[in-house]
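In my numbering, the protein residues as written are 106 to 470.
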């Protein structure tokens, strides 16, 4: 293209009344006029630095000093515009040289701008290539051609590639964590993704532990329940599927205050002194409060929930449980008879494991 029509003609900023009277106009209009000149001139070679200086003089501003960054931005944006098809035509190269001459941009700055723009465009092409989780041979060859054309070093190309791949992998991981479990098929898809994108997945200890837990969540819901050897007596064919330190709590009525009632007569005897006549009834006000019964460990077997405490033990057959609800700090069990039981657990993960294990066993009854 022979000019920068894509810039479009922009309106100048209005001066306030006093500045108009004094014939002073916003300095920012200088860079707007330069942009408009570039957008409306058919051949950039016809514009000289004098045109730029004249615009600066009109607004009493040294354009090359005060708007240096804006001029470089125009140059960089035009370079991006020219490279939208990942190549530069001969005419575009001529125009870029014209802009460099008009704006007094030295070769080192041009090189830095070119490097930045080319790396941004290369990263964009990488993003498009890997967004579907697969890098085919044609896409790989295209990236190699662009790296060579954009003069990007192997080190920078690898860095840009790994940055974009990491975004894809992170997005996939977030979907797994959001689902809250990891099936064998999902795990294979994840490993295939890493293989297809030619990258290594190096998990830290935290992510390894998270993956182990997600595998267990899937197994509890769909596979064989994990079994634990425990130091409590269990009848033959009874297996322990969950164990954790716990506090056994129940709702108990507790008197909180005493309220007086009944008919009384209040007679003034002297200032500030009253005599009460009549019967004074006393009513105890109580409410249900979660009360600690014992501390110990809770176990879930294929037959029952078992609590082994320091002072007391508790056994709840699975077929006597009609419902349960889990909270951040524990699980409440509703039985077909008697009071609800609350097992307090000190970790969110233990609450989830308890609930999933119990839910699976009740489902399979």
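Even glycine gets a Cβ: it sits at the ideal position worked out from N, Cα and C. In this text, all values refer to a predicted model and were calculated from it rather than measured experimentally.
Are residue 285 and residue 322 close, meaning C-beta to C-beta below 8 Å?
Yes. Within cutoff.
Measuring CA to CA, which of 190, 144, 177, 398 is closest to residue 208?
177
Rounded Cβ spacing between residue 398 and residue 355 (contact assumed at less than 8 Å):
6 Å
Between the CA atoms of residue 227 and residue 309 - distance to the nearest angstrom:
29 Å
Look at the Cβ atom of residue 415, then the Cβ atom of residue 396, and state whether they are nearer than 8 Å.
no
Do you know offhand how far residue 115's Cα is from residue 196's?
25 Å
Cα separation between residue 282 and residue 219?
40 Å
Mapping the DSSP letters down to three states, classify residue 386 as helix, strand or coil.
Below a pLDDT of 50, predicted positions are generally treated as unreliable, and residue 386, at 49, falls in that range; no measurement from the model is reported.
Cut-off 6 Å between Cβ atoms - residues of its own chain near residue 262, not counting five sequence neighbours on either side
Within its own chain, the residues whose Cβ lies closer than 6 Å to the Cβ of residue 262, once the five positions on either side in sequence are excluded, are 252, listed in chain order.
On the premise that residue 168 lies in contact with residue 157, defined as a C-beta separation below 8 Å, what is that separation, rounded to the nearest angstrom?
6 Å
I'd like to know if the stretch 160-167 and the stretch 187-196 are in contact, where contact means that at least 3 CB-CB pairs between them fall below 8 Å.
With the cut-off at 8 Å, the stretch 160-167 and the stretch 187-196 do not touch.
Could you tell me whether the Cβ atoms of residue 459 and residue 405 are closer together than 8 Å?
yes
Using only the alpha-carbon positions, how far apart do residue 325 and residue 345 sit?
Their Cα atoms are separated by approximately 13 Å.
Give the single residue among 303, 216, 139, 314 whose Cα lies nearest to the Cα of residue 184.
216
Return helix, strand or coil for residue 308, following the three-state DSSP convention.
coil
Beta-carbon contacts of residue 467 that lie in its chain and below 7 Å, excluding the five residues immediately before and after:
423, 426
Kindly indicate the opening and closing residues of the beta strand (DSSP E) around residue 301.
That residue, residue 301, is in no beta strand (DSSP E); its alpha helix (DSSP H) goes 289-301.
Could you pull the start and end residues of the beta strand (DSSP E) that residue 432 belongs to?
426-432
Could you tell me the distance, in whole angstroms, from the CA atom of residue 225 to the CA atom of residue 198?
Pairing residue 225 with residue 198, the inter-Cα distance amounts to about 19 Å.
Nearest-angstrom Cα distance between residue 119 and residue 138?
Here the C-alpha atom of residue 119 lies approximately 13 Å from the C-alpha atom of residue 138.
So what does DSSP say about residue 375, is it helix, strand or coil?
Residue placement at residue 375 cannot be trusted, given a pLDDT of 45 that sits under 50; the coordinates are not used to answer.
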